[in-house]
Structure formats: structure tokens, C-alpha cells
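Engineer: Attaching a single structure in C-alpha cells format; questions to follow.
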Amino acid sequence: MSRSVSSGSDTYTKKLYFDPKADEPEEDGYWITDEELRQKLTNLVDVSENIDQVMYYSNPLYSWQMSNALLHHAFIVFKTENWWWSIEKNNEGVTIQRSKKLESVRDMYRRAKRTTGKTSLTDIILVKKSNGYTKINELINYLWRKDYLNQEYGVLSYNCQHFADLIFRRISESKNLRELDVYFDSAADQPSGLSGAGFITVDELISRVYDLSSIEILVKIEIYKAPINSLQIMDNFLHHLFVIFHTNQDTYWSIERWPTRFTMQKAKNKDILVNECERNPRPGNWFTPVRIYQSASAKKMTLSSVMDFIWKKDKLNELYDPISNNSKHFATSVYNQFQDGYQIK
Numbered sequence: 221m222s223r224s225v226s227s228g229s230d231t232y233t234k235k236l237y238f239d240p241k242a243d244e245p246e247e248d249g250y251w252i253t254d255e256e257l258r259q260k261l262t263n264l265v266d267v268s269e270n271i272d273q274v275m276y277y278s279n280p281l282y283s284w285q286m287s288n289a290l291l292h293h294a295f296i297v298f299k300t301e302n303w304w305w306s307i308e309k310n311n312e313g314v315t316i317q318r319s320k321k322l323e324s325v326r327d328m329y330r331r332a333k334r335t336t337g338k339t340s341l342t343d344i345i346l347v348k349k350s351n352g353y354t355k356i357n358e359l360i361n362y363l364w365r366k367d368y369l370n371q372e373y374g375v376l377s378y379n380c381q382h383f384a385d386l387i388f389r390r391i392s393e394s395k396n397l398r399e400l401d402v403y404f405d406s407a408a409d410q411p412s413g414l415s416g417a418g419f420i421t422v423d424e425l426i427s428r429v430y431d432l433s434s435i436e437i438l439v440k441i442e443i444y445k446a447p448i449n450s451l452q453i454m455d456n457f458l459h460h461l462f463v464i465f466h467t468n469q470d471t472y473w474s475i476e477r478w479p480t481r482f483t484m485q486k487a488k489n490k491d492i493l494v495n496e497c498e499r500n501p502r503p504g505n506w507f508t509p510v511r512i513y514q515s516a517s518a519k520k521m522t523l524s525s526v527m528d529f530i531w532k533k534d535k536l537n538e539l540y541d542p543i544s545n546n547s548k549h550f551a552t553s554v555y556n557q558f559q560d561g562y563q564i565k
């Protein structure tokens, strides 16, 4: 259920409307598609800003209501160091507003007053609030990754309340969401204090990889096979697979899936990625060493394309299953997507 001063359109646009200066008299809004979302917003705002506080608000759908209890629109307001922001979804699309004044995003929707009633029970009501634990760029990546712009609005399902619940949870509890855990090491062949290795969210990973690999193009892709433990004397059926990319800048990236997390590492020395994971030796012995499993030239694409393939709509982030959705399924899916068909012996 959602209505926050509709502009008259009943067609869901699959676009985001962004008003970067909602408190200024001259409107300067942008319509942004899902394909444009990350690049365009990155160019328009300082995406490195931390979200310090998040608030969940409701207001009535109609001015004649006696209460917000059953029928209400829900939207999110959050604060960064320099700005107030609002984000919400209705039958028109997703809207983000930014302002120097709280009132311009809390009390207004696309420069029109939000619907209120005649009593305090039908005002714009603060439902809950929390500290924020994410950055603007992570929130943008989350919107893109979950495909919220393309997700059709539904009165009873994917409505404003459902959207507000998800956004509030993502901002206020992001570091506690296990689905987002990735171990990332941007310099696995350097001393640990220099790389900042550790667990981050998928949404932070997407931004970090983009920043670290913007000029790198894939040239080769390999799958490696490792035993599960160092006592194995055969690895025909019980093994772990992981992927290593080689780029045109002579850097190497490994990525792999575990039952409870993903691991992504970068190094100049490929041997480190082959023989170590999360700065610990990979299991292996004389009978079952870590060895190459498949190798091919890679499609001339970026590392960000790999991130997009894995995490858009959480394509390869479904619940881990030791038989049907394991490290082999993950590695072969990535390999098949990015090898160019020319196998390397």
C-alpha cells in the first residue's frame, strides 16, 4: 500500500527519480535507469559519505483517515555529515531526495506536501530510528544488486512498506547480515598490515573492486583444484575449486565460494593465490597437491563485469548446498561465463 502525493501516473516507471537539492526553489531532478544507477549517482554525489542515522516514517494514504495504523505510506529518511536524504518506493518508481533541511525530505515528496490528516494520529510519524552502518555507495550497490528499480510495485507484496523495511534493515544492520560476508584481501602477497584484509559486505566489495581494477582487463581465466583437507590421498570426488583471473596489468585475482562466505584476493604473485587462502596455506600433500583444473583465454572484460555476473539479482549467491550449489558450481559458472572458448593446455 502506497501513496505519497502521486503525480498522476499509474504506470511503474522502473526508474529512480533523484532530486539533489530538494530545498532549493528551482527543481533539478534526474530520471535514472537501473543500468545508469551506479555510474550516474556516483557522478552526482559524494558516495563515500557515511550514513550516520536512519529513520523510518509513515504518513496516511488519505487525508480523511483517522489513523495511520492500517493504511499508510512508509519511507526512509537518513542523515550524512552534510545532507538529509529520503528514499521510498510507490507506484511511480523509486525516489531519492537530498536536502540541507530535514523538512524538505521528511515533509515533502517531489516538491509537494506529503498527505496528512487532521489529528496527531494521521501526521507524519516517526516509527523507529537507528544508527547507520553503511556508506552511500554501498546503499546504491544494494539497490542495484537487488534489482529494486526493475522490481514491479505490488499493492500487497512489493510495496512501500516492504521496500522501507528492507532499506532500514540494510542501513541499520548491514554489518550483521551474514549473506553479505566476503573476505577481501587487496594485496595478498604483501604484509597483512598493508592490505587491510578482512570481512566486508558484498556492496562494499563491488565498490572496492571497481576502484582497484578500473584499468584492468581480463586476459586469462583458470580453475584450480584443491583437496578439502591435507590428509586426503584422492581428490576425485572430494575437492574445492577456485578461480584465478590474470589481467593485462599483470595482476591476479582469485575468487571462491565457501559454505558461509566468499573469498576474493588480489596479488602480483600468482603463486600466493594458488597456495594460500586468507593468508593460510591451502591443504595439499604429495598425493593431492593444489593443481590446475581448467585454463582458457578470457573475454576482454573488466573485473566489475565479474562482480555484476555474480551478484546482480544475487545470481550466484543462493544458499550454499554441498551437492548442488557448492564451490564447483560457483567456479564452473564463472569460468563458463568469462572464458572465450579458446582452451589453454
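Counting from 221, one number per residue, gives the positions in the sequence shown under our numbering. Backbone N, C-alpha and C fix where the C-beta goes; we use that ideal spot for every residue, glycine too.
For the segment 367–455, which segments carrying the beta strand (DSSP E) assignment without a break, of at least 3 residues, lie completely within its bounds, in sequence order?
Structural biologist: 402–405, 418–420, 438–447
Engineer: Secondary structure at I356, three-state DSSP: helix, strand or coil?
Structural biologist: helix
Engineer: Counting only the same chain and skipping the five closest in sequence on each side, list residues whose C-beta sits under 8 Å from that of L291.
Structural biologist: M221, P280, L281, Y282, Q285
Engineer: Using the C-alpha atoms, what's the distance from K338 back to E424?
Structural biologist: Distance between the alpha carbons of E424 and K338: 44 Å.
Engineer: Taking the Cβ atom as the reference point for each residue, do Y513 and K445 lie within a distance shorter than 9 Å?
Structural biologist: yes
Engineer: Is the number of C-beta pairs between the segment 236–249 and the segment 318–326 that are closer than 8 Å three or more?
Structural biologist: yes
Engineer: So, helix, strand or coil for L236, using DSSP?
Structural biologist: strand
Engineer: Which of the three DSSP states, helix, strand or coil, is assigned to I492?
Structural biologist: helix
Engineer: For L261, collect the residues of the same chain with a Cβ closer than 6 Å to its Cβ; drop the 5 residues on either side in sequence, then sort them by chain order.
Structural biologist: I360
Engineer: With which residues is N310 paired in a DSSP beta bridge?
Structural biologist: G313
Engineer: Which term fits Q259, buried or exposed, when burial requires 16 or more other beta carbons within 10 angstroms of its beta carbon?
Structural biologist: Residue environment for Q259: exposed (fewer than 16 other C-beta atoms within 10 angstroms of its C-beta).
Engineer: Whole alpha helix (DSSP H) runs in the segment 240–311 with 4 or more residues, listed along the chain?
Structural biologist: 257–264
Engineer: Quick one: what's got a C-beta closer than 8 Å to R331's C-beta in the same chain, skipping five residues either side?
Structural biologist: D239, A242, E247
Engineer: Mark N263 as exposed unless 16 or more other C-beta atoms lie within 10 angstroms of its C-beta, in which case mark it buried.
Structural biologist: exposed
Engineer: Exposed or buried, L257, counting other C-beta atoms within 10 Å across all chains shown (16 or more means buried)?
Structural biologist: buried
Engineer: I'd like to check one pair, Y276 with A289: are the Cβ atoms closer than 9 Å?
Structural biologist: no
Engineer: Which term fits L341, buried or exposed, when burial requires 16 or more other beta carbons within 10 angstroms of its beta carbon?
Structural biologist: exposed
Engineer: Could you give the DSSP three-state label for M521: helix, strand or coil?
Structural biologist: Residue state, collapsed to three classes: coil.
Engineer: Considering just the uninterrupted stretch of the beta strand (DSSP E) at S474, what are its terminal residues?
Structural biologist: Counting along the chain, the beta strand (DSSP E) containing S474 begins and ends at 472–477.
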